[in-house]
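The sequence shown maps to residues 7 to 348 in the working numbering. For each residue, glycine too, the CB sits at the ideal point set by N, CA and C. Notes to accompany the following structure.
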Amino acid sequence: MNKVAVTAEKAWKEREAARAACERPNAVTADAGKRERSAKRLIEGAAGVCHFLFVAIILFQFFPDRRPDESHFLFPASVALIEAIFLLYLYCRRGNETVAGDLLALVYGAVFVWQLLTVKFDVLDRMLFPSPTFVLSLLVHEIPEAVKGAISSLGIVFVGYGTALITAVPLGLIAGWNRRLRSAATPITRVLGPVPPTVYIPYAIVLLPTFKLSSMFVIFIGAFWPIFINTLNGVSSIDGRIIESAKVLKLDQRTMLTKVIFPGTLPSVVSGATIGLAMSFILLTAAEMIGATSGLGWYVKYFSDFADYPRVIVGIIFAGIVVTCIMYTFDKVEKRMLRWRR
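Structure representation (structure tokens):
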């Protein structure tokens, strides 16, 4: 009996060894295929265009400069760093990453043309169009001032936007749920919603105690109406069968609003919140004109008054980076909040 068991165990081990030997070439083939696909992603499509433009930018650095005073090693070094990060991104990510390639190709193309028309050919006005090399060196130099301005601007935006969010959503839910309030609120939103928030600046300066509060008020007005209107419309668009089913359970008004109406309205609320946040950043420059002494919008306006266009471009770039990061983060939060819709 023991001899039979030993023989069976030996046969089982031999079968497992043979199976492993057969699977090993398949695993090696799969790894080789994965490496081949990663290598293809490095050279195909938009990625190939990016690499071509990168090589062109580097090669043109060896051509004579018409603006030698604006030439700097920081520019090719920065482009090389971006290219290295992009290569690592393509190699590590799975799937077809065309969006990043298309975006970087547009950036490379714009920078390449900009560098040619300024440093290499000098066909653009020096005061209005500084070279990307000069702007990049100034960008590094202005980082402390830009960080200070970003903190000031984000403080104004988040207070004004946050106040709009915590007031517009409850008011929109209540007005949307009550038929009489909805009938009264709809014409008001049609009249006051399209009014530019900047028209309230004179009254904000007179009625509010500080210029900073006036700036926050302008942001608040700009963000309030998109959030309120979307919330109001979101309540109206909830399926009537859901409302009737909730009424059968005899829920009180508070439970109805928090457990039924608000979850059903959430996609519209998030959509309005996104529009309100974008509107807040659009209004930032106008808001910071009200007695501000720092901020990204103030930075651009201040140096444009002195025709310091290199710093104007630096301010625009910094503002674009900050707004992009905030909107990207908000987009991730939105997808997480609405993942149940997928």
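Put simply, the backbone Cα of Ile288 is about 11 Å away from that of Val224.
Contact between Phe217 and Ala298 holds: their C-beta atoms lie close to 7 Å from each other, under 8 Å. With a threshold of 16 other beta carbon atoms within 10 Å, Ala83 falls short and is exposed. For the pair Phe234 and Leu177, the CB atoms are nearer than the 8 Å cut-off.
DSSP places Arg345 within a helical segment (H, G or I) once states are collapsed to three. When the beta-carbon positions are compared, Tyr305 and Gly321 come within less than 8 Å of each other. Cys56 and Leu93 have their C-alpha atoms some 10 Å from each other.
The beta carbons of Leu344 and Leu272 sit closer together than 8 Å.
Take the alpha-carbon of Arg72 and the one of Phe135: they are about 14 Å apart. A check of alpha carbon separations from Tyr206 across Val197, Thr195, Ser220 identifies Ser220 as the nearest. The beta carbon of Thr195 sits closer than 6 Å to those of Ile235, all from its chain and outside the five residues before and after it, given in chain order. For the 8 Å CB-CB criterion, Pro203 and Gly278 do not form a contact. In the structure shown, Ala53 falls within a helical segment according to DSSP collapsed to helix, strand and coil. Around Phe268, the same chain offers Leu179 as residues with beta carbons nearer than 7 Å, after the five sequence neighbours per side are excluded. With a threshold of 16 other beta carbon atoms within 10 Å, Arg185 falls short and is exposed. In this structure Val254 is exposed. Its beta-carbon is surrounded by fewer than 16 other beta-carbon atoms within 10 angstroms.
Annotated three-state conformation of Ser251 is helix, per DSSP. Approximately 36 Å separates the beta-carbon atoms of Lys154 and Phe66; this is outside 8 Å, ruling out the contact.
Under the 10 Å beta carbon count, Arg317 is surrounded by 16 or more other beta carbons and is classified as buried. Of all alpha-carbon atoms in Thr139, Lys341, Asp108, Tyr334, the one lying nearest the alpha-carbon of Leu123 is that of Thr139.
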